[in-house]
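Per our numbering, the sequence shown starts with residue 113, numbered consecutively.
Right, one structure below, let's go through it.
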Amino acid sequence: MKRIFFATGNKGKLEEMQEPFAKAGYKLVQVEADVPEIDAMDVEEVAERKVMDSYQEAVLNQEVGSVDYFLVEDTGFYVEAMGGFPGAEAAFFAGTAGADRLLKLMEGEENRNAYFRTAIAVYMPGKDEVEIFTGEMEGEVPERRRGESHPHLPYNSYFVPDHGNGKSLAENPDIKNEEMHRRKAVNSLIAWLEEQ
Numbered sequence: 113m114k115r116i117f118f119a120t121g122n123k124g125k126l127e128e129m130q131e132p133f134a135k136a137g138y139k140l141v142q143v144e145a146d147v148p149e150i151d152a153m154d155v156e157e158v159a160e161r162k163v164m165d166s167y168q169e170a171v172l173n174q175e176v177g178s179v180d181y182f183l184v185e186d187t188g189f190y191v192e193a194m195g196g197f198p199g200a201e202a203a204f205f206a207g208t209a210g211a212d213r214l215l216k217l218m219e220g221e222e223n224r225n226a227y228f229r230t231a232i233a234v235y236m237p238g239k240d241e242v243e244i245f246t247g248e249m250e251g252e253v254p255e256r257r258r259g260e261s262h263p264h265l266p267y268n269s270y271f272v273p274d275h276g277n278g279k280s281l282a283e284n285p286d287i288k289n290e291e292m293h294r295r296k297a298v299n300s301l302i303a304w305l306e307e308q
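Below you can see the structure in the form of structure tokens.
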């Protein structure tokens, strides 16, 4: 089984991504990387910078040796009525203000359109190149919290996908497969890996 190093401290992301990689014959090896993220709304920009910084930290800490593929994932939550906020700052916002604060900010707002956007940046040290793969899921912010989110995926109670039968992601765990933004990005990455 081929190994791919994945820099993340988020167990929810790791769990969500392991299955499709395993089915394709890849083993995700978690690397703990604690690098500061750049202040940007664009997940592609954040992921590209983060993959380089995380790889350098992993090499310095001797967590990785010879590596073909080293990846990071960044997901943003974009709320249309808030000009795309919190965007790539979603984790920071949830950690400081709390995801519940989103509902307060949306009180009385008719436009509740929102989407998740995932960017997976893959660094190939041998080529000194970065490839980026993305996926999106559209939906809306409900008027109240719906279900209990995974501790590492706080927005799942605050997002009802367009194709979710009116249920939030937290209420409908079955949708967390092919329709999910992260899975779409993973599937694109796996298809690309199979062509290499």
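For glycine and all other residues, C-beta sits at the position ideal for the given N, C-alpha and C.
Small disclaimer: the values here were computed from a predicted structure and weren't measured.
For Lys-123 and Arg-295, what's the separation of their Cα atoms in angstroms? Locating residue 123 in the sequence shown gives position 11, where the first residue counts as 1. Locating residue 295 in the sequence shown gives position 183, where the first residue counts as 1. Near 15 angstroms, if we compare the C-alpha coordinates of Arg-295 and Lys-123.
For Thr-187, which three-state DSSP category applies? For this step, residue 187 is matched to residue 75 along the sequence shown. The answer is strand: DSSP assigns Thr-187 an E or B state.
As a quick exercise: from Phe-133, Phe-182, Pro-266, Tyr-235, pick the residue whose alpha carbon is nearest that of Thr-208. On the sequence shown, position 96 is the one that residue 208 refers to. Ranking the options by Cα distance to Thr-208, first place goes to Pro-266.
Over what stretch of residues does the alpha helix (DSSP H) that includes Ala-303 continue unbroken? Counting from one through the sequence shown, the residue named residue 303 turns up at place 191. 293-307 is the span of the alpha helix (DSSP H), which, as asked, contains Ala-303.
Is there contact between the region 218-227 and the region 280-289, where contact requires at least three CB pairs shorter than 8 angstroms? no
Check each candidate in Glu-306, Glu-192, Arg-115, Ile-116 and name the one with the smallest Cα separation from Arg-229. Mapped onto the sequence shown, residue 229 falls at position 117. Measuring from the Cα of Arg-229, the nearest candidate turns out to be Glu-192.
Would you call the region 134-146 in contact with the region 197-211, where contact means no fewer than 3 C-beta pairs closer than 8 angstroms? no
Of the residues Glu-241, Asn-173, Ala-170, Ser-261, the one placed nearest Gly-210, counting alpha carbons only: What you label residue 210 is simply residue 98 of the sequence shown in a count that begins at 1. Nearest C-alpha to Gly-210: Ser-261.
Measuring CB to CB, does Met-249 end up less than 8 angstroms from Met-218? Reading the sequence shown from its first residue, position 137 is the one you call residue 249. Reading the sequence shown from its first residue, position 106 is the one you call residue 218. Cβ distance not < 8 angstroms, so Met-249 and Met-218 don't count as in contact.
Using only CA atoms, which one of Leu-281, Asp-146, Arg-256 lies nearest to Leu-215? Along the sequence shown, one-based indexing puts residue 215 at 103. Checking every option, the nearest Cα to that of Leu-215 belongs to Arg-256.
CB Phe-133 to CB Ile-302, shorter than 8 angstroms? Locating residue 133 in the sequence shown gives position 21, counting from the first residue. Locating residue 302 in the sequence shown gives position 190, counting from the first residue. Their beta carbons are under 8 angstroms apart, which means Phe-133 touches Ile-302 by this criterion.
Nearest-angstrom Cβ-Cβ length linking Ala-159 and Asp-186, presumed shorter than 8 angstroms: For the purposes of this step, residue 159 is identified with residue 47 of the sequence shown, where counting begins at 1. For the purposes of this step, residue 186 is identified with residue 74 of the sequence shown, where counting begins at 1. Rounded, the Cβ-Cβ distance is 4 angstroms, consistent with contact.
Phe-182 versus Arg-161 - alpha carbon distance: Translated into the one-based positions of the sequence shown, residue 182 becomes position 70. Translated into the one-based positions of the sequence shown, residue 161 becomes position 49. Each residue's alpha carbon lies about 13 angstroms from the other.
Alpha helix (DSSP H) segments (min. 4 residues) lying fully within the region 119-143: 123-135
Within 10 angstroms of its Cβ, does Asn-277 collect 16 or more other Cβ (buried), or is it exposed? Counting from 1 along the sequence shown, the entry for residue 277 is found at position 165. Per the 10 Å Cβ criterion, exposed.
Just curious, the beta strand (DSSP E) that Tyr-235 is in, first and last residue? Position 123 of the sequence shown, counting from 1, holds the residue named residue 235. Its beta strand (DSSP E) spans residues 225-236.
Enclosing beta strand (DSSP E) for Glu-156 [first to last residue]: Locating residue 156 in the sequence shown gives position 44, counting from the first residue. Unbroken run through Glu-156 is the alpha helix (DSSP H), 155-172; no beta strand (DSSP E).
Counting only the same chain and skipping the five closest in sequence on each side, list residues whose C-beta sits under 6 angstroms from that of Asp-274. Translated into positions along the sequence shown, residue 274 becomes position 162. Hits under 6 angstroms: Glu-250, Gly-251.
Can you tell me whether Gly-207 is helix, strand or coil according to DSSP? Looking up residue 207 in the sequence shown gives position 95. Note: Gly-207 maps to helix in three-state DSSP.
Short of 6 angstroms in beta carbon distance, which residues of its chain neighbour Val-155, apart from the five on each side in sequence? Order them along the chain. For the purposes of this step, residue 155 is taken as residue 43 along the sequence shown, with counting starting at 1. Cβ neighbours of Val-155 beyond the five flanking positions: Asp-186, Gly-188, Ala-200, Arg-229, Ala-231.
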